[in-house]
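Remarks on the structure that follows.
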Amino acid sequence: MIEWILTQQAPLSVSLIVLVSLESRFAEKLSANFMYRLWLLVPAILILNNIPAGIISLPAENISYFVVGTEPTLKQSDISWLLTIWFGGAVALISYILYFHFRIFRTLVPTDHKRPQVYTSAKISSPMLFGTLNPRILVPAQFSSQFNLQEQALILKHENMHWRHYDHIWNFLALCLLITFWFNPLLWLAVKSFRTSQEIACDAAVLKRSSPDEKYTYAKALVQCAEHSSRHITLYPTLRDKSTMLKRLHAIKNPTTINKATIIASVLVAGALCTNTALAKFSTPPIEHDEVNKAAPVKRVNPVYPQQAMNNEMEGEVVLQFDITESGATDNITVVQSSPEGVFDKSAVNALKQWKYKPRIQGGAAQRQNGLLVQLDFRLGPPEPTEDDNTAK
1 MIEWILTQQA PLSVSLIVLV SLESRFAEKL SANFMYRLWL LVPAILILNN IPAGIISLPA
61 ENISYFVVGT EPTLKQSDIS WLLTIWFGGA VALISYILYF HFRIFRTLVP TDHKRPQVYT
121 SAKISSPMLF GTLNPRILVP AQFSSQFNLQ EQALILKHEN MHWRHYDHIW NFLALCLLIT
181 FWFNPLLWLA VKSFRTSQEI ACDAAVLKRS SPDEKYTYAK ALVQCAEHSS RHITLYPTLR
241 DKSTMLKRLH AIKNPTTINK ATIIASVLVA GALCTNTALA KFSTPPIEHD EVNKAAPVKR
301 VNPVYPQQAM NNEMEGEVVL QFDITESGAT DNITVVQSSP EGVFDKSAVN ALKQWKYKPR
361 IQGGAAQRQN GLLVQLDFRL GPPEPTEDDN TAK
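Reminder that position 208 of the sequence shown reads as 208 in the UniProt record's numbering, one-by-one numbering, no gaps.
Structure representation (structure tokens):
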């Protein structure tokens, strides 16, 4: 798990830097909807980075052989400290999210509005779209007294626009990324930038073909929301953030002047990132046959000899195909052949998951190795003496 998380950081961080830079530096030259849609680059990059690599077929004679005896085996049961830290952070964030939602949910009072339903809550200080599967528009308890009817209508129109844009779904996915990669500071910065793009896109949709008076009323309502907005940390865009509010007010006063050159350049950058990620995923040079036996493990955990097989005095072999990741861990383990079938498979796979190899370095960078084969021979007698227990026949 922790290895997968770490392998996502390079492409994820690059895409986040590009998007945050575009939002902060060039948003005025891009349409609000286009800038918001550019954030689809993040899931696209993650999907491309996780497409399974092809399996390289190797002749059966290129197999590393290891003999498994019945001597005591090493059991790796402790979770790595990195995984422990990550898990602790993720649990803390999930706990806060659940507390935040439960604290608000118990104070909801329905109103007569529909699609989606509008509720008041004493625990919020500014309007928001709340929830994922069954989203609700929440307004403060003093909503009717703080805003006149025109302002109320514009605010509710804004929150309904979030609903029409499926922002409750996108926010949930952003929250999942934040929980998974909480340790990456770029992601926290990117979530703020993403929410800014989201709000400006909704503002633009609400004020499309609006009169100057309506724009003034809308901007005034935003400022009033900011004045009453809570200073507490929340999971939703805070109107007290000065930079975000200034960007929204500036976008209302000065509608975006679309620059085609900037749009084309943005598309080219996004396309280049996706292409580079895809090519990097599949550009691992094939492994020469004579290099397979050179892949000797630097850490080998012997499989546990199944008790039932010991009781029945059974011996056998298991041939496994696997990959070696850039960090030297094993991945994509599959049973190619076993005899007797199914007797030693589980034990062999569980052991190989814990093996570590020296990463293959090419051009100064660690390379993934695909399609290696290993045969584990399960023998009741003591293993045959060898010069090095980790060398291959």
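From the three backbone atoms N, C-alpha and C, an ideal C-beta is built for every residue, glycine too.
Between the CA atoms of residue j and residue i - distance to the nearest angstrom
i	j	result
residue 134	residue 118	12 Å
residue 200	residue 351	53 Å
residue 271	residue 38	11 Å
residue 191	residue 152	27 Å
residue 4	residue 313	39 Å
residue 14	residue 178	16 Å
residue 22	residue 160	27 Å
residue 380	residue 331	28 Å
residue 255	residue 142	31 Å
residue 90	residue 326	25 Å
residue 293	residue 370	Note that residue 293 scores 42 on pLDDT, short of 50, meaning its location in the model is unreliable; the coordinates nonetheless yield the value given after this. Taking the straight line joining both Cα atoms gives about 13 Å.
residue 360	residue 311	41 Å
residue 211	residue 205	13 Å
residue 84	residue 29	44 Å
residue 95	residue 45	28 Å
residue 122	residue 167	23 Å
residue 164	residue 207	15 Å
residue 129	residue 81	38 Å
residue 127	residue 275	40 Å
residue 43	residue 273	12 Å
residue 209	residue 124	31 Å
residue 253	residue 333	58 Å
residue 111	residue 139	10 Å
residue 301	residue 372	18 Å
residue 348	residue 171	42 Å
C-beta contact flag for residue i and residue j at 8 Å
i	j	result
residue 41	residue 12	no
residue 303	residue 343	no
residue 17	residue 186	yes
residue 213	residue 251	no
residue 298	residue 356	yes
residue 156	residue 137	yes
residue 175	residue 47	no
residue 221	residue 147	yes
residue 24	residue 193	yes
residue 335	residue 345	yes
Closest by C-alpha distance to residue i, when choosing among the options
i	options	result
residue 217	149, 160 and 191	149
residue 182	161, 51, 15 and 9	9
residue 367	348, 336, 124 and 323	323
residue 102	81, 127 and 131	131
residue 249	265, 273, 145 and 224	224
residue 415	34, 348 and 6	The chain is shown only over 1 to 393; residue 415 falls outside these bounds and no answer can be derived.
residue 365	349, 328, 341 and 335	328
residue 120	100, 99 and 144	144
residue 180	347, 92 and 209	92
residue 6	111, 184, 43 and 219	184
residue 341	309, 372, 333 and 358	309
residue 36	124, 162, 49 and 140	162
residue 219	158, 296, 372 and 300	158
residue 189	347, 244, 253 and 209	244
residue 296	349, 347, 348 and 358	358
Exposed unless 16 or more other CB atoms sit within 10 angstroms - verdict on residue i
i	result
residue 87	exposed
residue 247	buried
residue 154	buried
residue 268	exposed
residue 99	exposed
residue 195	buried
residue 51	exposed
residue 27	buried
residue 32	buried
residue 233	Reliability of the predicted coordinates at residue 233 is poor, the pLDDT of 48 falling under 50, and the value obtained from them is presented with this limitation in mind. That one is exposed.
Validate contact between the stretch 193-208 and the stretch 98-109 using beta carbons, cut 8 Å, 3 pairs:
no
Would the stretch 307-326 and the stretch 364-379 be scored as touching if the rule is three or more Cβ pairs under 8 Å?
Yes, they touch.
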